[in-house]
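In the working numbering, the protein residues as written are 31 to 188. Shown next, in structure tokens, is the structure this report addresses.
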């Protein structure tokens with residue numbers, strides 16, 4: 031039995047990988063925030079990434095954006111409607127928009143917005159429910175392995 035009901039074996043294992051990658055990024059000492067993401071298609075990891083904002087001096091290089099880019103390159107297409115986005119942290123507004131533009135309709139994540147530093151979200155009044163309930167709804171499973179990563183996002187360090 032998997033620790034989180036409603037996840038397939040592949041989703042559970044991929045989420046565990048994302049959490050471990052986030053912890054590794056935070057421990058690397060290179061200034062990266064401990065944020066990691068991956069894209070899963072038919073149970074196979076097709077793209078992953080960590081936050082590269084500091085490494086590349088680019089505020090758009092969030093882990094989810096990096097993972098979406100790598101999955102698109104791997105699959106040779108920008109339409110990822112048959113894929114799942116996994117992240118160690120609730121995706122910010124920019125990353126949720128990128129997921130929508132790429133067609134992703136299922137998102138799994140660890141730490142929830144309400145439990146982390148405000149710094150990670152540019153529009154604090156916007157809630158994920160606004161993305162979930164949009165014209166073409168998305169499915170969200172949140173709080174996965176949250177207790178393992180909350181300390182990474184407590185102070186908003188980057």
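For every residue, glycine included, the Cβ atom is placed at its ideal position computed from N, Cα and C.
Exposure of residue i, with buried meaning 16 or more beta-carbon neighbours within 10 Å
{"i": "residue 184", "result": "exposed"}
{"i": "residue 121", "result": "buried"}
{"i": "residue 74", "result": "exposed"}
{"i": "residue 106", "result": "exposed"}
{"i": "residue 103", "result": "exposed"}
{"i": "residue 94", "result": "buried"}
{"i": "residue 176", "result": "buried"}
{"i": "residue 41", "result": "buried"}
{"i": "residue 32", "result": "Residue confidence for residue 32 is low, a pLDDT of 40 falling below 50, so the modelled location carries little weight; the figure read from the coordinates is stated next. When all chains shown are included, residue 32 counts as exposed."}
{"i": "residue 66", "result": "buried"}
{"i": "residue 141", "result": "buried"}
{"i": "residue 182", "result": "buried"}
{"i": "residue 153", "result": "exposed"}
Residue range of the alpha helix (DSSP H) that includes residue i
{"i": "residue 116", "result": "Premise fails: residue 116 lies in the beta strand (DSSP E), 113–119, not in any alpha helix (DSSP H)."}
{"i": "residue 157", "result": "Neither: residue 157 is in no alpha helix (DSSP H) and is coded neither H nor E."}
{"i": "residue 96", "result": "93–105"}
{"i": "residue 127", "result": "123–132"}
{"i": "residue 179", "result": "176–179"}
Residue closest to residue i, alpha-carbon to alpha-carbon, out of the options
{"i": "residue 60", "options": "144, 77, 82", "result": "82"}
{"i": "residue 88", "options": "142, 58, 62, 48", "result": "62"}
{"i": "residue 38", "options": "92, 70, 96", "result": "70"}
{"i": "residue 98", "options": "68, 119, 124", "result": "68"}
{"i": "residue 133", "options": "55, 148, 152, 161", "result": "161"}
{"i": "residue 116", "options": "182, 181, 173", "result": "173"}
{"i": "residue 76", "options": "182, 53, 91, 100", "result": "100"}
{"i": "residue 168", "options": "145, 138, 186, 44", "result": "138"}
{"i": "residue 55", "options": "118, 114, 129, 72", "result": "118"}
{"i": "residue 158", "options": "182, 152, 126, 80", "result": "126"}
{"i": "residue 111", "options": "72, 156, 164", "result": "72"}
{"i": "residue 156", "options": "140, 113, 124", "result": "124"}
{"i": "residue 108", "options": "92, 96, 86, 131", "result": "131"}
{"i": "residue 146", "options": "163, 84, 186, 135", "result": "186"}
Within-8 Å CB hit, residue i to chain D
{"i": "residue 119", "result": "Given the protein chain composition of this structure (a single chain), no chain D is represented."}
Beta-bridge pairing of residue i - partner residues as DSSP gives them
{"i": "residue 71", "result": "74, 113"}
{"i": "residue 79", "result": "67"}
Start and end residues, beta strand (DSSP E) containing residue i
{"i": "residue 141", "result": "136–141"}
{"i": "residue 170", "result": "169–171"}
Any alpha helix (DSSP H) of 4 or more consecutive residues that is wholly inside the segment 37–62 = 39–57
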